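For the sequence shown, full-length UniProt numbering gives the first residue as 1, with consecutive numbering after it. Contents: one structure, followed by commentary.
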Amino acid sequence: MRILVLADIHSNWAALRAMPTDFDRCIVLGDLVDYGTQPLPCLDWVQRHADACIRGNHDHAVAQRVAAVGTTGYRRLAAATRPLHWKLLNPHHLKYLARLPVTAYFRAEETSLFLIHATPRDPMDEYLTTDVEGWRQRLTDVEAGLVCVGHSHIPFHLDLGNIQVLNPGSVGQPRDGDWRASYALIEDGQISLHRVEYDLDAAVKQVRESGIPGWAVELSEAVLRSGGALSREEMNAFV
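Now the structure itself:
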């Protein structure tokens, strides 16, 4: 059994189409939309290939037509791209996003997986990366051998003894300084983290042609090419 685990696609079709195709099952851990500018092919891919998909905070915001609030950092980019999503997505797409579960259990051979975008304490908004003790505190009531999370855009795999935590990183907008699309594989019970190069120029070209403001185009390109290695001050400098 070969399970592909993805998270944080963020409407980056060029990155998503670079994912491996030789998998038996597929899990998607939320944030299909926002930030990028090609939500339609990304949603179509997930609907066709995902055996389980949960809702991320950006999926929720787009589906519920929540305006992005904030004028700094990534909030600026969400504010610039979210209106484009509302133009491109039809009611069927929005209903699909709205109906995605916040959490889910998924059975793979002998392993029970618990799927959540952020953490059990705050399923869509809390950021937690490799804090082992923090995860222990949040997983006391979770009955699973493996917890799969996204949200932070940082890939990691933690073994807490009786339970493991896997974050495959971000497909569409990595933030660990590596621009390549990130994903994980679970194969015969073994977990591995992977990166793959994709056509970054094609992604940037599509952003440029999307009609979002010029500063947002430049910011998006800088974020993608740097692998998210920009300070808040550097991001705010794009005007």
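By construction, the Cβ of each residue, glycine as well, lies at the ideal position given by its N, Cα and C atoms. Since the model is a prediction, treat every value here as computed from it, not as a measurement.
Which residue or residues does DSSP assign as beta-bridge partners of Thr103? Numbered from its first residue, the sequence shown carries residue 103 at position 103. BP columns for Thr103 point to Ile116.
Which one or two residues does DSSP pair with Gln137 in a beta bridge? Numbered from its first residue, the sequence shown carries residue 137 at position 137. DSSP links Gln137 through a beta bridge to no other residue.
Based on the DSSP output, what are the partners of Glu187 in its beta bridges? Position 187 of the sequence shown, counted from the first residue, corresponds to residue 187. Note: Glu187 sits in a beta bridge opposite Arg2 and Gln190.
Does the Cβ-Cβ distance between Leu146 and Trp135 come in under 8 Å? Looking up residue 146 in the sequence shown gives position 146. Looking up residue 135 in the sequence shown gives position 135. No; because the gap between Cβ atoms is not below 8 Å, this pair is not in contact.
Terminal residues of the continuous alpha helix (DSSP H) containing Val149? In the sequence shown, residue 149 corresponds to position 149, counting from 1. Val149 -> no alpha helix (DSSP H), and no H or E assigned at all.
Would you list the one or two residues that DSSP bridges to residue 247? Residue 247 falls outside the range modelled here, since the chain spans only 1 to 239, and no answer is possible.
For His92, which of Leu43, Gln190, Ser220 and Val149 has the nearest alpha-carbon? Taking the sequence shown and counting its residues from 1, the one referred to as residue 92 is at position 92. Out of Leu43, Gln190, Ser220 and Val149, Leu43 has the C-alpha closest to the C-alpha of His92.
Length of the line joining the Cα atoms of Ile212 and Ala80: Sequence index remark: in the sequence shown, residue 212 carries index 212 (1-based). Sequence index remark: in the sequence shown, residue 80 carries index 80 (1-based). A straight line joining the alpha-carbon of Ile212 with that of Ala80 spans about 6 Å.
Would you grab the beta carbon distance between Phe114 and Ala144 for me? Rounded to a whole angstrom, and I think it's under 8 Å. Numbered from 1 along the sequence shown, position 114 holds the residue referred to as residue 114. Numbered from 1 along the sequence shown, position 144 holds the residue referred to as residue 144. Right, the Cβ-Cβ distance comes to about 4 Å (below 8 Å), so this counts as a contact.
Less than 8 Å between C-beta atoms, sequence neighbours within five positions excluded: which residues of the same chain meet that for Thr103? Here the question's residue 103 lines up with position 103 in the sequence shown. These residues qualify, in order along the chain: Ile54, Phe114, Leu115, Ile116, Pro120 and Pro123.
What ranges does the beta strand (DSSP E) occupy inside the region 15-78, keeping only unbroken runs of at least 3 residues that lie completely in it? Every unbroken stretch of the beta strand (DSSP E) spanning 3 or more residues and falling wholly within the region 15-78 is given here in chain order: 25-28.
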